[in-house]
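Undergrad: One structure follows; several queries about it will come next.
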Amino acid sequence: MTDAHPASRLSAEGATALDLRGVTKRFGALQALVGVDMRVRVGERRAVLGSNGAGKTTLFNAITGDFPCTSGRIRFFGDDITLLPAEERIRRGLRRTYQISQLFDGLSVRDSVFLACRGVSRRRLSLLRPRTDDSGMEQALRILQVVGLDDLRDQLVSVLSHGQKRQLEIALALAGAPRFILFDEPAAGLSPTERRDLVAILNALPAHVGYIIIEHDLDVALRVSEYVTMMHNGKIFKEGTPAEIEDDAEVQAIYLGHGHG
Amino acid sequence: MSAASPRPAAGRSLPAAAPPGDPSVGAHLGLAAALLLLPAVASGFILVQIGAQSLILGLLALSLMVLAGYGGMISLAQITVAGIAGYTVAILGENSVAVHGFGWPWWLTVPVAITFAALGAALIGWISVRTQGIYTIMITLAIATAMSLFAQQNYTLFNGFEGFAGIPAPTLFGQRLRAPMAFYYLCLGVAALCYVAVLYGARSTFGLGLQATRDNQRRMRALGFDTTAHKVFAWFLAGIIAGLAGVLLVWFQGRISPGTIGVAAAINILVIAVVGGLRHPIGPFLGAVVVVLIQTFATDVVGAARHNTLIGITFLVIVYFSPDGLLGLWSRFQGQFRQNPLRPGDGA
Ligand SMILES: Nc1ncnc2c1ncn2[C@@H]1O[C@H](COP(=O)(O)OP(=O)(O)OP(=O)(O)O)[C@@H](O)[C@H]1O
Ligand SMILES: [Mg+2]
C-alpha cells in the first residue's frame with residue numbers, strides 16, 4: 446500500500462505543488478469562495494469535503510481556469526498561474542475530472558484518450574493520422590487498460606453507461622504525464638465494485654502525482670487521502686489528517702449530522 | 005429478446021461500428037470510374053454546366069461542411085472567401101474591363117489568390133469563433149453582406165457594381181483549360197484532391213480535435229488544447245478549399261461581380277450543404293448535383309420564374325424527412341434494407 450509514504454512526505458519540507466492565497470470567487474452578489482488559503486505538497490493526496498454549495502467545484506474551476514477567480518493568487522509548482530488560460534495550466538501538468546461528465550459524444554473512447562495524450566504535446570494540430578505505433582495511441586491504450594475500458598475502446602462515447610463515462614473521465618485526467626490531478630466527485634453514482642476499482646486506481650498512481658479529491662462519501666475520502674480539508678460557505682473551516690477529522694466533534698455534528706438526517 | 009428494443013431514431017447506424025469515417029473502398033472506386041468516364045457519354049454542355057458547376061459548388065459546400073460538420077460552426081461566408089480568391093485572380097491576372105489586370109501568370113495568381121482566401125477565412129473565423137450557433141450564422145451573414153456591398157461601392161479595387169469580366173482560364177501545354185473536357189477534369193481533379201484530404205484529415209489529430217471541440221469545448225481546453233486556435237486553423241484550411249473553388253468559379257464564369265458573392269449566393273451554398281448532408285464530405289457534392297440539376301432544367305419544366313420555388317420545395321421536403329440531408333435518407337434506406345433480415349424475433 447502507499448500508506449508507508451504519506452507521513453514522511455507530509456512531515457518533510459516538501460516542495461509545494463499548489464499554493465492558493467486569498468482566492469475569492471464572486472458570482473454577482475454570491476460569494477462562492479471567500480479568501481481561500483491552501484497549500485498542497487508535491488505528491489500529496491488531499492480530500493476536500495463539504496456540503497452542497499460549499500464551493501468545492503468552484504475552487505477547482507478557479508485552480509484550472511475554467512472560471513478564473515475574482516481575486517487572489519494561485520501558484521503551481523512555484524509558477525504564478527493565476528492569469529494563465531485554462532489550456533496553458535493543463536500543459537504544465539495540471540489535470541481535472543468533472544462532477545458532471547464532460548466528454549466527446551461523437552468520438553470513440555480510444556480517440557478521446559488519444560486526444561488527451563496529444564493535448565499536452567506539440568503535435569496537437571498535426572494534420573497526420575496517428576500511426577498504430579504512435580506513442581499517444583499506445584499510451585491511450587495503456588490508460589484504458591488501467592481504468593478497465595480497453596474492451597470498449599472502439600465504442601462511441603455516447604453509448605457508454607454512467608459508470609463507464611466516469612471511468613473515461615478518470616482516463617482523460619491520467620493522460621499525458623500529469624503532475625497534479627483534481628478529481629471532482631469521481632465516485633458519485635458508482636456501484637460498490639466500481640468504487641473499489643476507483644480506490645485501487647487512485648492508490649496505484651505514481652508517488653509523485655498528487656491530487657485533490659472532492660468526495661461526499663466519507664469512507665472513500667478517508668481511504669484515498671492523507672489530509673482532509675473541510676469547506677463550508679466558500680471557506681475552509683477545518684483541516685487535518687483523516688483520523689483527526691473523523692474524531693472531530695464539530696465535523697461529526699455538521700457532516701455526519703447532515704448525512705444521516 | 006426483441007431486436008427492436010433500445011434502438012434510437014430510425015436509421016442511425018449501429019453505434020458499434022467504427023465512428024463515421026471511411027466508407028468502402030469499392031464504392032469510391034466505382035464512383036471514381038463513373039466520373040472519369042463521364043466525358044465518353046456526356047455532351048460538353050453536361051460536362052461543364054452540370055459536371056464542372058456541381059464540382060465547384062460542391063467544393064464550396066465542402067468547405068462549409070468542414071466547418072459545420074466537424075467544427076459545429078455554420079458559416080455563410082464561404083462564398084465571400086471564394087470571392088477573395090476570384091477577385092484576386094481578376095485583379096492580378098487578366099481581365100477585359102481595363103481596371104487593374106496586371107497580367108500575372110496563373111501560376112503566380114493562383115497561389116496568391118488561395119493564400120489571400122485562406123488568410124481572409126482565418127480572419128473571419130477569428131472574428132466569429134467567439135460566437136456560437138445562431139450567432140455564428142448571423143455574424144458570418146453580416147460579413148458576407150458587408151463584403152458584397154463594399155465590393156459594390158468600391159471602384160478603386162473592386163470596380164464597383166460592374167466588377168470584372170473577360171477573365172480567361174489559362175492555357176496549359178497548348179490545351180485551353182476552359183475547353184469543356186479539360187475544365188471538367190480540372191474541376192474533378194481539384195474536387196477529388198480536396199475530398200480525399202478532408203476524409204483523411206477528419207481522422208488526423210487536428211480533425212479529431214476539431215470534432216471534439218464541437219462536442220465539448222470546455223473539456224478540450226481542460227486537455228490542453230487552445231480551442232480558439234484550433235477553430236481558426238479549421239477556418240484557414242476550409243478557406244484553402246473555398247479559395248480553390250473561387251479560382252475555378254471565376255474561370256468558369258469568366259467574370260466576377262458583387263452579385264457573385266451576394267447573400268443569395270451565400271445561402272445557395274448553405275442549401276447545397278444541408279440538402280446533401282453535413283455528416284460526410286460526399287454530402288456537399290450530392291447536394292450540389294441536385295441543386296445544379298434543378299437550377300439547370302427546372303426552367304424548362306416549371307418556367308424560369310419558379311425554379312427557385314422548386315429548389316425551396318426540394319429543400320423543405322429533404323430537410324423535413326431527414327435532417328441529415330440526402331446522406332441521411334440514404335443511410336436510413338440502407339438501415340432498413342439491412343435491418344429486415346436481422347429480425348429473428350419478428351418472424352415468429
Ligand atoms: N457558474 C455559476 N454561476 C453562478 N453561481 C454559481 C456558479 N457555479 C457555482 N455557483 C454557486 O456557487 C456556490 C458554490 O457552488 P459549487 O458548485 O462550488 O458547490 P459544491 O461545493 O461543488 O457543491 P456540490 O457538492 O453540490 O457539488 C453555489 O451556491 C452555486 O450555486
Ligand atoms: Mg461540486
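If you read the sequences in order, they're chains A and B.
Take the numbering used here: the last position of the first sequence gets the number 706, and nothing is skipped along the way.
Take the numbering used here: the last position of the second sequence gets the number 352, and nothing is skipped along the way.
Think of the CB as a built atom: it goes at the ideal place given N, C-alpha and C, for glycine as much as any other residue.
Using the beta-carbon count (16 or more within 10 Å), is Q136(B) buried or exposed?
TA: In the second sequence, residue 136(B) corresponds to position 132, counting from 1. Q136(B) should be labelled exposed.
Undergrad: Drop a sphere of 10 angstroms on the beta-carbon of R641(A), count the other beta-carbons inside from all chains shown, and report buried for 16 or more, exposed for fewer.
TA: Here residue 641(A) refers to the residue found at position 196 when the first sequence is read from its first residue. Classification of R641(A): exposed, given that the 10 Å Cβ count is below 16.
Undergrad: Tell me where the alpha helix (DSSP H) around D556(A) begins and ends.
TA: Here the question's residue 556(A) lines up with position 111 in the first sequence. Its alpha helix (DSSP H) spans residues V554 to G564.
Undergrad: Give, in chain order, every residue of the region 662-680 of chain A whose Cβ lies closer than 7 angstroms to some Cβ of chain B.
TA: Listed in sequence order: no entries.
Undergrad: Identify the continuous beta strand (DSSP E) that holds Q476(A) and give its terminal residues.
TA: Mapped onto the first sequence, residue 476(A) falls at position 31. It spans L475 to R486 - the beta strand (DSSP E) in which Q476(A) sits, taken as one unbroken run.
Undergrad: Terminal residues of the continuous beta strand (DSSP E) containing V673(A)?
TA: Numbered from 1 along the first sequence, position 228 holds the residue referred to as residue 673(A). Where V673(A) is concerned, the enclosing beta strand (DSSP E) stretches over Y672 to H677.
Undergrad: So what does L176(B) bridge to, in DSSP terms?
TA: Position 172 of the second sequence, counting from 1, holds the residue named residue 176(B). Answer is Q179(B), bridged to L176(B).
Undergrad: Do you know whose CA, among T84(B), A195(B), I276(B) and T232(B), lies nearest F154(B)'s CA?
TA: In the second sequence, residue 154(B) corresponds to position 150, counting from 1. Comparing Cα-Cα distances from F154(B) to each of T84(B), A195(B), I276(B) and T232(B), the minimum goes to T84(B).
Undergrad: For F522(A), would you say it is in contact with chain B, using Cβ-to-Cβ distances shorter than 8 angstroms as the test?
TA: Counted from its first residue, the first sequence places residue 522(A) at position 77. Judged by the 8 angstroms Cβ criterion, F522(A) is not in contact with chain B.
Undergrad: Give the single residue among L71(B), Y91(B), G30(B) and T144(B) whose Cα lies nearest to the Cα of P262(B).
TA: Your numbering for residue 262(B) matches position 258 in the second sequence. Residue Y91(B) is the option with its Cα nearest to P262(B).
Undergrad: How big is the Cα-Cα spacing for L252(B) and Y74(B)?
TA: Position 248 of the second sequence, counted from the start, is the residue given in the question as residue 252(B). Position 70 of the second sequence, counted from the start, is the residue given in the question as residue 74(B). Each residue's Cα considered, the two are about 25 angstroms apart.
Undergrad: Report the residues of the region 113-130 of chain B with a CB closer than 8 angstroms to any CB of chain A, ordered along the chain.
TA: The residues in question: there are none.
Undergrad: Using the beta-carbon of each residue, which ones in chain B are nearer than 8 angstroms to Q547(A)?
TA: Looking up residue 547(A) in the first sequence gives position 102. N220, R222, R223 and A226, listed in chain order.
Undergrad: Check each residue's C-beta against every heavy atom of ligand 1 and list, in chain order, those closer than 5 angstroms.
TA: Taken from the N-terminal end onward, the list reads F472(A), A477(A), N497(A), G498(A), A499(A), G500(A), K501(A), T502(A) and T503(A).
Undergrad: Kindly examine ligand 2 and report whether one of its heavy atoms sits closer than 7 angstroms to the Cβ of Q590(A).
TA: Here residue 590(A) is taken as the residue at index 145 of the first sequence, counted from 1. False, no ligand heavy atom lies under 7 angstroms from that Cβ.
Undergrad: According to DSSP, is G3(B) part of a helix, a strand, or is it coil?
TA: A query on residue 3(B) cannot be resolved here, the shown segment of chain B reaching from 5 to 352 and no further.
Undergrad: Exposed or buried, which one is G25(B) when buried takes at least 16 other CB atoms within 10 Å?
TA: Reading the second sequence from its first residue, position 21 is the one you call residue 25(B). In this predicted model, G25(B) has a pLDDT of only 45, less than 50, meaning its place in the structure is not dependable; the value taken from the coordinates is given anyway. Per the 10 Å Cβ criterion, exposed.
Undergrad: Taking its Cβ as the centre, do 16 or more other Cβ atoms sit within 10 Å of S100(B), making it buried, or is it exposed?
TA: For the purposes of this step, residue 100(B) is taken as the residue at position 96 of the second sequence. Under this definition S100(B) is an exposed residue.
Undergrad: Run down chain B in chain order and give the residues with a C-beta less than 9 angstroms from the C-beta of D550(A).
TA: By 1-based counting over the first sequence, the position of residue 550(A) is 105. Going along chain B in sequence order, the residues near D550(A) (Cβ under 9 angstroms) are D219 and N220.
Undergrad: How would you list, in chain order, the residues of chain B whose beta-carbon sits under 8 angstroms from the beta-carbon of D715(A)?
TA: The displayed coordinates of chain A run from 446 to 706. Any statement about residue 715(A) would go beyond what the structure contains.
Undergrad: Let me know the secondary structure DSSP gives G73(B) once reduced to three states.
TA: As a working mapping, residue 73(B) is identified with position 69 in the second sequence. G73(B): helix per DSSP, three-state reduction.
Undergrad: So if DSSP puts K683(A) in a beta bridge, which residue, or which two residues, is it bridged to?
TA: On the first sequence, position 238 is the one that residue 683(A) refers to. DSSP output for K683(A) lists M675(A) as bridge partner(s).
Undergrad: Quick check on F106(B): does DSSP put it in helix, strand or coil?
TA: Mapped onto the second sequence, residue 106(B) falls at position 102. If DSSP states are grouped into helix, strand and coil, F106(B) belongs with coil.
Undergrad: Tell me the DSSP secondary structure of I375(B) in three-state form.
TA: Any question about residue 375(B) goes unanswered here, given that chain B covers just 5 to 352.
Undergrad: Would you say the beta carbon of D692(A) comes nearer than 7 angstroms to a heavy atom of ligand 4?
TA: With respect to small molecules bound, the structure shown includes ligand 1 and ligand 2 and not ligand 4.
Undergrad: Could you tell me whether the Cβ of G213(B) comes closer than 8 angstroms to any Cβ of chain A?
TA: As a working mapping, residue 213(B) is identified with position 209 in the second sequence. At least one chain A Cβ lies under 8 angstroms of G213(B).
Undergrad: Given the structure, does D392(A) come close to ligand 2, in the sense that its CB is under 7 angstroms from one of the ligand's heavy atoms?
TA: Outside the shown range of chain A, which is 446 to 706, sits residue 392(A), and nothing can be said about it.
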